[in-house]
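Note that numbering that gives the first Met the number 0 gives residue 109 to position 110 of the sequence shown, counting from 1, and the numbers run on in steps of one. Here a beta-carbon is modelled for each residue, glycine too, at the ideal position from N, C-alpha and C. Here's the structure, in structure tokens; my notes come after.
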Amino acid sequence: MSSDPAGGHPPLPEIRLADRAYTAIVQIITKDGLAVGDRLPAEAHLAATFGMSRTIVREALARLASDGITQARRGAGSYVKRRPSERLGTHMPMDALATTLGTYEVRFVLEAQAARLAAQRRSHLQLDGIERALEALRTALLSSAAAHEEDWLLHRAIADATGNAAFLSVFDHLEDEVMRILRAGVDISRSRPPEAIKAMMDEHDAIVDAIRAQDADGAALAMHWHLSQGRRRLMP
């Protein structure tokens, strides 16, 4: 995984205008203390404030709604649905939030299908690798270890079990953003009651159980559920 020379956050790609608007709206939610259920400023007001077109702001609001942060109400504007955890800022610069959370849209497609194919195609050797990675994650999660590396390796082992190198290539391309999410997810979960870590482990168990049973549909559904819950864990 690449990182900058100073050992901070990995370098980020050039930020798109819609991502800048996304970040600015998140800052309005967090810095202005908007609560769940509060209405965001009108689209036209946001566009004028940011010096951007309404089309750009509309794209950012659509992304925020997709990421579960806002909710559009027909004829009434956009409202806060969930507030990003304040702990997120310790794991990623806030101007990376749109890019990082945006990887979930890719992962829903990529990893659900990878889990499906892994269930259909995995060899006994690949299943052994997945199960070893699962137990390494369990050990890390139930200790004070960071656990993000073990989480990554389990997901990567599942991609490898598809037998299609393209899955690994695409998954590895997402490594920087996925690692940010995994670090944040474990940290935020550990700040909550123990049930949060148990739920995280139960989700991984369900994925591996389905792959072991060669239940392709079950593996895909379990992976999709795990990723959707993982995104929710980034919110208070």
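Going by beta-carbon coordinates alone, are residue i and residue j separated by less than 7 Å?
i	j	result
A114	A218	yes
A132	A160	no
H90	A183	yes
L33	S77	no
H225	E194	no
Between the C-alpha atoms of residue i and residue j, what's the straight-line distance to the nearest angstrom?
i	j	result
S1	P92	Because the pLDDT of S1 is 41, which lies under 50, any placement of that residue in the model is unreliable, and the question is left without a value.
R19	E85	19 Å
Q70	S122	43 Å
H8	Y21	Any answer about H8 is weak, because its pLDDT of 48 lies below 50 and its placement is not dependable; what the coordinates show is given next. Straight-line Cα distance between these residues: approximately 20 Å.
S142	R53	48 Å
L233	H223	16 Å
A215	R106	17 Å
L152	V207	13 Å
A64	D127	39 Å
Smallest Cα separation from residue i: which of the options?
i	options	result
M199	D186, I210, R211	D186
D37	R72, G162, V108, D171	R72
A46	L60, L33, A34	L60
V79	A209, I68, L87	I68
Q125	P83, R81, P192, A158	A158
If residue i and residue j are in contact, beta carbons under 8 Å, what's the gap, nearest whole angstrom?
i	j	result
R62	A97	6 Å
I190	I196	Sequence inspection shows Ser at residue 190; the Ile mentioned does not correspond to that position. Actually they do not touch by this definition, with Cβ atoms about 10 Å apart.
I24	T99	Not confirmed; about 16 Å, so no contact.
E176	T102	4 Å
A111	E58	At roughly 25 Å, the Cβ-Cβ gap does not stay under 8 Å, so A111 and E58 are not in contact.
A156	I129	5 Å
L109	F166	7 Å
For the beta strand (DSSP E) that contains residue i, what are its first and last residues?
i	result
R72	69–72
Along the alpha helix (DSSP H) that carries residue i, what are the first and last residues, could you check?
i	result
V207	194–211
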